[in-house]
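Heads up: the structure comes next, in C-alpha cells.
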Amino acid sequence: VQLQASGGGKVQAGGSLRLSCAYSGTTSSANVMSWYRQAPGEQRELVAYISSAGSTNYADNVMGRFTISRDNAKNTMDLQMRSLKPEDTAVYYCRRYHTPAEDYWGQGTQVTVPA
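What the sequence shown shows, in my numbering, is residues 6 to 120, in sequence order.
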C-alpha cells in the first residue's frame with residue numbers, strides 16, 4: 006500500500022492551500038483516513054479524520070478553517086486549508102487505518118506560513 010501526499014508549499018498568513026493524498030494497493034473498504042502534522046520540536050498531532058462513510062472530526066485549532074474530504078472512487082483524500090496561520094506550519098502526513106496490521110502513512114508534505 007502506498008500513500009502519496011502532495012500540495013504543500015509556502016503561503017502567506019490568511020491564505021489557502023489544498024493538500025491531497027492518493028493511495029493505492031489496498032481494497033479494504035472500511036477504513037479511516039486522516040491528516041496529521043508535526044512541527045519542528047513538537048509531537049505529531051491529529052488534524053482531521055474522515056471515515057469511509059464520510060464522518061469527519063477536526064482538531065479544535067483547525068475547526069472552521071480546514072475541511073477534509075475523500076473520493077473513494079478515485080482513492081484520494083484532500084485537506085482544504087483556509088485562513089492559514091503561522092502556527093499551521095508543519096509537515097503534514099496522511100494516514101490510512103483499517104486494522105493495526107493495515108496502518109499506512111504517506112511521506113509528508115511541508116506547509117510553511119511565515120510569521
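Even glycine gets a Cβ: it sits at the ideal position worked out from N, Cα and C. Computed from a predicted structure; not experimentally measured.
Helix, strand or coil for residue i, going by three-state DSSP, please let me know.
{"i": "E92", "result": "helix"}
{"i": "K15", "result": "strand"}
{"i": "A44", "result": "coil"}
{"i": "N62", "result": "strand"}
{"i": "A120", "result": "coil"}
{"i": "A106", "result": "coil"}
{"i": "V6", "result": "coil"}
Can you name, in chain order, every residue of its own chain whose Cβ lies under 7 Å from the Cβ of residue i, other than the five neighbours on each side?
{"i": "V16", "result": "L22, L89 and V118"}
{"i": "G113", "result": "A10, V96, Y97 and Y98"}
{"i": "A120", "result": "P91"}
Let me check you understand the geometry: is the CB of residue i closer than 7 Å to at least one non-hydrogen atom of the ligand NAP?
{"i": "G19", "result": "This structure simply doesn't include the ligand NAP, nor any ligand for that matter."}
Closer than 6 Å by C-beta to residue i: which residues in its own chain qualify, once you throw out the five before and the five after it? Chain order, please.
{"i": "Y54", "result": "V37, S39 and N62"}
Which whole-angstrom value is the C-beta distance of residue i and residue j, which I expect to be below 8 Å?
{"i": "Q85", "j": "T72", "result": "4 Å"}
{"i": "G13", "j": "V116", "result": "5 Å"}
{"i": "A35", "j": "S57", "result": "6 Å"}
{"i": "R70", "j": "R87", "result": "5 Å"}
Among residues of its own chain, excluding the 5 on either side of residue i, which ones have a beta-carbon nearer than 8 Å to its beta-carbon?
{"i": "N80", "result": "A27, Y28 and S29"}
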